[in-house]
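This report concerns only the one structure given below.
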Amino acid sequence: MINSKLQQSLNEASEIVGITWPLYSFVTSNPLVGFEKNHFSEAVNQAETLFGARSFPEVSLYRQALQNNEIQESEVANLLKENGFEITPSESLKQMEIETVTAKRNHDSNLDRIVSKWLAAFMDEGLAEWEMPNKSDGFYNSWRKLAKYDSEIKVRNTNEIPSTAAEALESLLKDCSQEENLAIFKHHLAALPGWTGYIKHRNENHTAWHKEYPITLLDYLAVRLFIAKQLGVAFLPNNTSSREQLKTVALRLLWLKAWEASWQKQMANTLEKNNIKLKSKISNKQIPDAQFALCIDTRSESMRRHIENVGNYETFGYAGFFGIAMDYKNENDGLVRKSCPPILGSAYIVSEIPQKSKTEQAEKFAKKIQMKNFNEYFFRRLKNMLPSAFGYVEGSGIFYGFSLVGRTLFSGYNYRKINLKATDYEGIYQPKINKCSEENHEHLDIPLDEKVAIVKGAFDLTGWKTFAPVVLFVGHGSHTANNPFGSSLDCGACAASPGRHNARMFAKLANLEDVRKTLMEKYAIEIPPDTVFIGAEHNTTTDEIVIFDADIPNIQNKALQKIKANLAKAQENATAERLNNTKKSISQAQRNANNWSETRPEWGLAKNSSFLIAPRSLTKNLNLDGRYFLHSYNWEQDLEGAALEAIMQGPMVVTQWINSHYYFSTVDNETFGGGSKITHNITGKYGVVQGNGGDLKTGLPLESVKQSDTEMYHQPLRLSVIIQAPIENIENILNKNENLKSLMNNEWIYLMVMDPKDCNRIKRYSKGMIWNPVLSFDVNTKKDEVLNKVEVATAV
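Oh and the sequence shown: position 447 is 447 in full-length UniProt numbering, straight run, nothing missing.
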């Protein structure tokens, strides 16, 4: 056991490392999550020192934003003056260019290379044909037995290395103070944040690989520091920063704030004007022909608008795991993966069972999958085993050549051919929910009150009151080819899994007679007997919505056929808008989805900058350009604020993670992003490195955030949250949740309130519960005049 002082230093140092998620569940998260207790400006200064990272946009991005009128020059001028800079915005730009802050990674590259080599060998998850020996003994013990064979480490005998990781650290640091130990640990954990973040992921998420082949940050530090000593590398190098650099950092922060303030004023102006228009319209609300609940994802914003435009349809925004804290067991490969936000523990496991009338089909399907898995395993062995590899390449070259030509020239056709069988699996099986238990997944059915709570939660959080004959819960997923980061395009609320499983499970629960009966008897929520809930999935690459309707009663068949026809129109309109192509836009989207050489099949959540928690009516008919997360909410049905508190604690925090992930991947793609896809190399099935080694990449590829090497696509802004609710409701929630208040006070999130008790003026939160209008007094005065006229007209 390590002594208590070293353990305390290790625990504190480990907080600086964010989690690196594996490629197969690439969750977008804040890489500086360990610094969120600090103010944003302090956190990024520490990140610059520890990681050698840039924390603010390059000057060229500020210039582009200024030229595109995304930054108002007056905002920059005011902030410069308020902060004691007696220079013009133009002069400040020139000063930042001259005094460029050079990010320096103050780590030994040779040491990084050697340690990365050992980590890659140990942490492999089945890609390598020949495993590192003794992995079940743990990383330190396995490395210790093999270190003498590494000529770079210069160890002649295993006995020269302490027998445990704890002994090694205590020996290496025996002359250091606790303060020095903390600094050393931080420095060496930050040297390879990708690898240390993945070690942290394995430990904190108790993965099967960690249980079988354990590795801890203690092991990592013991190995790294021992190798450093052997190489003669100082445990803690000197760090220096100049006053000019600090001055430039201050200017960059001011320009970022000016950009964000300009965007917030644009948002406030748009929303307040639209609210005035809505006030002037009087309409009798009819029950729609169908209702759609889509994820709050920014890509759903466009889809919702196009769905509403093709029929008498109503849409809601709800986090795409649909309130089911679940893991999902895929019958195709037997793997169990998380399908709810990473901040939630999984209470349930959802598996698949054959539909009552489809037992025979299920048996045939299972045999087909079994044969497919065997063939894949067989050919993989042929390719990778030394005796057969060369013969396999020679013999199969012609076949793969034709395959590559077909996938390149006819990618759209191939996609359509594959997509014909997109619902085969869901057409045979139905989801089954059980309590999440390591001992027994099959016999722990969940009680009725929990099923009711899941369904009721959706209606409470979204302010849903009346029900159409057909209600579709639409998860989302992406379809891309040859894309290691493909899971990053799936549903963030489902831990980077497709949302179809949650959507199907929710629909099944909402269709249960005993659930509906309880909702009526206990909560007066009446769902008409002919209302049918159906699961569906929005493919965000092609904008197709696939409906899983195999076991839907005939009562709604005619309505469903009309919905499918209208969704095809919505797909055509959405792809035409997104791809700026009015002719054959669907074909182009399908080609992008299945083209193995396409570096950017879709933009994902790029451009995200705001989270709106309000009724749909506030944004209906507005083209928000995919910049908003939209969560439906009605404060008048949530007078105690319980639903809003749940939204702020869950979806708001998750969207801040997503926003931070995109922000840091944009401002320093080399340190926080994924680098260029051109030089990606997959390692161990779980991560990518650039070239032939080095650190694991932790963020999004360059192609996912930039239009080109010099032109931005994603605007790196911190998240602006707008809530339509009385200010006192939000103050009560913040006073009860210090973690939420801390995110606001430390400026990781901007919070704005559209107060319905104050003419829906939008005010921005400042530390100390201070609320200031986002728009000027004159604008709001004019708005009040218009509102008064509207109210008089309405009364008449």
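Ideal Cβ placement from N, Cα and C applies to all residues, glycine included.
Enclosing alpha helix (DSSP H) for glutamine 561 [first to last residue]: Annotation: the continuous alpha helix (DSSP H) that includes glutamine 561 extends over 557-579.
Check the DSSP bridge columns for aspartate 124 and list the partner residues they point to. Beta-bridge partners of aspartate 124 (DSSP): none assigned.
Looking at the unbroken beta strand (DSSP E) that takes in alanine 536, where does it start and where does it end? Note, alanine 536: beta strand (DSSP E), 532-539.
Inter-stretch contact (C-beta, 8 Å, three-pair minimum) for the region 617-635 and the region 718-727: Between the region 617-635 and the region 718-727, the count of C-beta pairs closer than 8 Å reaches three or more; the two stretches touch.
Proximal residues to threonine 466 (C-beta, below 7 Å), its chain only, five neighbours per side dropped: Closer than 7 Å at the Cβ level, and outside the excluded window around threonine 466, lie Ile287.
Among Ala13, Val223 and Thr207, nearest to phenylalanine 139 - alpha-carbon criterion: Minimum Cα distance to phenylalanine 139 is reached at Val223.
Hey, out of Asp668, Lys562 and Pro162, whose CA is closest to leucine 32's CA? Looking only at Asp668, Lys562 and Pro162, the smallest Cα-Cα distance to leucine 32 is reached by Asp668.
Near leucine 644, which residues of its chain fall below 8 Å by C-beta distance, leaving aside the five closest residues on each side in sequence? Excluding residues within five positions, the ones whose Cβ falls inside 8 Å are Ile613, Tyr633, Trp635, Asp638, Ile723, Ala725, Asn729, Ile730 and Ile733.
Return the chain-ordered ranges of every alpha helix (DSSP H) run that is complete within the region 310-396 and spans a minimum of 4 residues. List check, alpha helix (DSSP H) in window: 359-384.
Assign serine 708 to one of three DSSP states: helix, strand, or coil. When DSSP states are grouped into helix, strand and coil, serine 708 belongs to the coil group.
Between histidine 611 and leucine 472, is the Cβ-Cβ spacing less than 8 Å? This sequence places phenylalanine at residue 611; histidine is not what is there. Their beta carbons are not under 8 Å apart, which means phenylalanine 611 does not touch leucine 472 by this criterion.
DSSP state of cysteine 436, grouped into three classes? Coil.
Are the beta-carbon atoms of glycine 674 and lysine 706 separated by less than 8 Å? No; because the gap between Cβ atoms is not below 8 Å, this pair is not in contact.
Taking one C-beta from the region 679-691 and one from the region 51-71 each time, how about it: are there three or more such pairs within less than 8 Å? No, the region 679-691 does not touch the region 51-71.
Can you have a look at phenylalanine 390 and say buried or exposed, based on whether 16 or more other CB atoms are within 10 angstroms of its CB? So phenylalanine 390 counts as exposed.
Boundaries (first-last residue) of the alpha helix (DSSP H) holding serine 90: DSSP places serine 90 inside the alpha helix (DSSP H), whose first and last residues are 89-98.
Nearest-angstrom beta carbon gap, isoleucine 552 and lysine 432 [assumed within contact, 8 Å]: About 18 Å separates the two Cβ atoms, so there is no contact after all.
From glutamate 785 to alanine 536, what distance separates their C-alpha atoms? In this prediction, glutamate 785 scores a pLDDT of 46, lower than 50, which makes its location untrustworthy; the coordinate-derived value is nonetheless stated afterwards. Between the C-alpha atoms of glutamate 785 and alanine 536 there is a straight-line separation of about 45 Å.
Should the region 36-43 be called in touch with the region 194-206, which here means at least 3 C-beta pairs below 8 Å? Pairwise C-beta distances place the region 36-43 out of contact with the region 194-206, as fewer than three of them are shorter than 8 Å.
Option in Ala258, Asn11, Leu146 and His210 with minimal Cα separation from serine 74: Ranking the options by Cα distance to serine 74, first place goes to Ala258.
Between the Cα of asparagine 30 and the Cα atoms of Ala568, Val654, Glu513 and Leu775, which residue gives the shortest distance? When Ala568, Val654, Glu513 and Leu775 are compared, the shortest CA-CA separation from asparagine 30 is found for Val654.
Give every residue of the same chain whose Cβ lies closer than 7 Å to the Cβ of serine 25, excluding the five residues on either side of it in the sequence, and list them in chain order. These residues qualify, in order along the chain: Arg337, Lys338, Ser487, Ala495, Ala496 and Ser497.
Give the DSSP bridge partners of histidine 476, in chain order. Per DSSP, His538.
Can you give me the start and stop residues for the alpha helix (DSSP H) that valine 653 sits inside? First-last of the alpha helix (DSSP H) with valine 653: 651-667.
With a threshold of 6 Å on Cβ separation, who are the neighbours of valine 27 within its own chain once the five nearest residues in sequence on each side are excluded? These residues qualify, in order along the chain: Trp21, Pro342, Ala495 and Ala496.
At least 3 beta-carbon pairs within less than 8 Å: the region 229-238 vs the region 684-699: Counting C-beta pairs closer than 8 Å gives fewer than three between the region 229-238 and the region 684-699, which falls short of the contact rule.
Under a three-way DSSP split, which group does leucine 630 fall into? Strand.
Exposed or buried, which one is serine 136 when buried takes at least 16 other CB atoms within 10 Å? Burial state of serine 136 is exposed, judged by a 10 Å Cβ sphere holding fewer than 16 other Cβ atoms.
Got a sec? Which residues, its chain only, sit under 8 Å from lysine 522 by beta carbon, not counting five neighbours each side? Spatial neighbours of lysine 522 in its own chain (CB-CB distance under 8 Å, excluding positions within 5 residues in sequence) are listed in chain order as Val452.
Going by DSSP in three states, glutamate 131 sits in which element: helix, strand or coil? DSSP places glutamate 131 outside both helix and strand once states are collapsed to three, so it counts as coil.
Leucine 217: which of Ile16, Thr599, Gln590 and Arg516 sits nearest, CA to CA? Taking leucine 217 as reference, the option from Ile16, Thr599, Gln590 and Arg516 with the minimal CA-CA separation is Ile16.
3-residue-minimum beta strand (DSSP E) runs that sit fully inside the region 192-226, ordered along the chain: As far as the region 192-226 is concerned, it has no whole beta strand (DSSP E) run of at least 3 residues.
Residue closest to lysine 356, alpha-carbon to alpha-carbon, out of Ala183, Thr315, Ile428 and Asn375: The shortest Cα separation from lysine 356 among Ala183, Thr315, Ile428 and Asn375 belongs to Ile428.
My output table needs one value for aspartate 551: the three-state DSSP class, helix, strand or coil. Reduced to three states, the DSSP call for aspartate 551 is coil.
State buried or exposed for tyrosine 328, treating a residue as buried only when at least 16 other CB atoms are found within 10 Å of its CB. Its Cβ being crowded by 16 or more others within 10 Å, tyrosine 328 is buried.
Since glutamine 46 is in the alpha helix (DSSP H), which residue starts that stretch and which ends it? Element bounds for glutamine 46: 40-51.
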